[in-house]
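Heads up, the sequence shown is in full-length UniProt numbering, so the first residue is 1 and it goes up one at a time.
The structure appears below as structure tokens.
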Amino acid sequence: MSAWKTVVHDRPGAEITEHADLYIYWADSEFPLWNSIFVRPEVKDAATLRDSLAIANAYMSTKTGSGSVYVCGDMFSGIGASELDDLSVSTGMVRHSVLTGMIGSVPQTLSTPRLMEIHCRRVADECDLALYGHIHAQAYSMTDAVGRSAFAGSRLWTDGAFVFIGYHGDAAVSTAAVLVNKNTLYLTLVATLPQVWGKGFATATVRHALKEASHSTGIKEVVLHSTRTGCALYRRLGFRRTTHIHLYTRPRELALGTPGVKRCS
């Protein structure tokens, strides 16, 4: 959560508010990842969770951008995923995705056949940021305008983080970013153009970003949150699951088919 606070704080006009039971990190951006509400780890019982989701729903109803409420399923002893879903529905929210929290170390063996076919460049200016946004827009079914605006003018992604674009020949095909968060590396914003999925370009770019971040900081421990499709990649790199994170949103966002917000399957 602290890493995502840094990410959202980078965006102009972002609201960073920490309540008794909720962390609200909301930029009201068209890029849904920048609009996030986290249920705090101190919330342990169903009644408090129900109240927290209701507050989050009311807050989101006043905003233009779509976003998600993040709930760590392992916080609630004896409450399974189906019970969490029923509880969320009672507050007017629905689950649209599940992320897997993972932890591991920077891979000791950083060579991969795809590194012979791809070269990585660090994001350094507005042109790079626009290209980074373009790849994310294509990967997550958003418009180019949304993807590009998500990173425009950022100092975090050009100066404060280890952010790389992978190129196959002259074509930009993949991305990966690493933030230093206390004594860990936080891997995020990994994406690949759909037309080259399954070719190992994301793996190569992730390896490169982690290598550069670890070399510069001396930090070896890595944390990340993966989509279901990305888990296999990270397991191959030696990461292991720590928790499941359930993402909830308002039904209106799903009904409108908001880019980046999809029903869980």
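A virtual CB, placed ideally from N, CA and C, is assigned to each residue, including glycine.
Among the options, the one whose alpha carbon lies nearest that of residue i
i, options, result
"T143", "T6, D28, P32", "P32"
"Y132", "W34, T48, F239, V173", "V173"
"N57", "V69, G169, G160", "V69"
"E117", "L129, S82, D170, S90", "D170"
"K63", "D45, S29, T48", "S29"
"S88", "A47, C231, L156", "A47"
"H134", "Y234, V190, T242", "V190"
"G65", "K5, W157, T217, I37", "I37"
"I103", "P251, R252, I55, Y234", "Y234"
"P194", "S141, K5, T205, M60", "S141"
"S105", "R252, R250, G218", "G218"
"T242", "G73, S61, A145", "G73"
"R250", "M1, A232, M60, T6", "M60"
"T6", "C231, W157, A232, I79", "W157"
"G101", "S216, K199, M1, I79", "M1"
Assigned secondary structure, residue i (DSSP; H/G/I helix, E/B strand, else coil)
i, result
"L224", "strand"
"L193", "coil"
"R207", "helix"
"G200", "coil"
"H19", "coil"
"M75", "helix"
"V7", "helix"
"A58", "helix"
"F239", "coil"
"R40", "coil"
"A177", "strand"
"V69", "strand"
"T217", "helix"
"I135", "helix"
"I245", "strand"
"A124", "coil"
"S97", "strand"
"G166", "strand"
"A47", "helix"
"S154", "coil"
"S105", "strand"
"A145", "helix"
Residue i classed as buried or exposed, judged by whether at least 16 other C-beta atoms fall within 10 angstroms
i, result
"S265", "The predicted position of S265 is uncertain, since its pLDDT is 25 and thus under 50; no value can be drawn from it."
"R95", "buried"
"T17", "exposed"
"residue 286", "No answer is possible for residue 286: the residues shown for the chain start at 1 and end at 265."
"V261", "Residue placement at V261 cannot be trusted, given a pLDDT of 45 that sits under 50; the coordinates are not used to answer."
"W197", "exposed"
"A81", "exposed"
"D86", "exposed"
"T229", "exposed"
"H19", "exposed"
"R240", "exposed"
"T227", "exposed"
"R155", "exposed"
Integer Cβ distance of residue i from residue j, believed to fall under 8 Å
i, j, result
"V71", "V123", "In fact, because the Cβ distance is near 32 Å, the residues do not count as touching under 8 Å."
"H221", "N183", "Note that residue 221 is Glu in the sequence shown, not His. So it is a contact: roughly 7 Å between Cβ atoms."
"A14", "A3", "Contact doesn't hold; Cβ gap of about 14 Å is too wide."
"C120", "G166", "5 Å"
"A150", "W34", "7 Å"
"E212", "F162", "5 Å"
"L179", "P107", "Actually they are not in contact, since the Cβ atoms of L179 and P107 sit about 18 Å apart, beyond 8 Å."
Residue i and residue j closer than 8 Å at C-beta
i, j, result
"F164", "A152", "no"
"L185", "S214", "yes"
"P41", "M75", "yes"
"L53", "Y248", "yes"
"L224", "T188", "yes"
"residue 266", "T192", "Given a span of 1 to 265 for the chain in the structure shown, any question on residue 266 remains unanswerable."
"residue 268", "L22", "The shown model of the chain, from 1 to 265, leaves out residue 268, and the question about it has no answer."
"residue 274", "Y25", "Because the chain is modelled from 1 through 265, residue 274 falls outside the range shown and cannot be assessed."
"F201", "H244", "no"
"R148", "T91", "no"
Chain D within 8 Å of residue i, Cβ atoms only
i, result
"T184", "Absence of chain D from the displayed structure is noted, only one protein chain being present."
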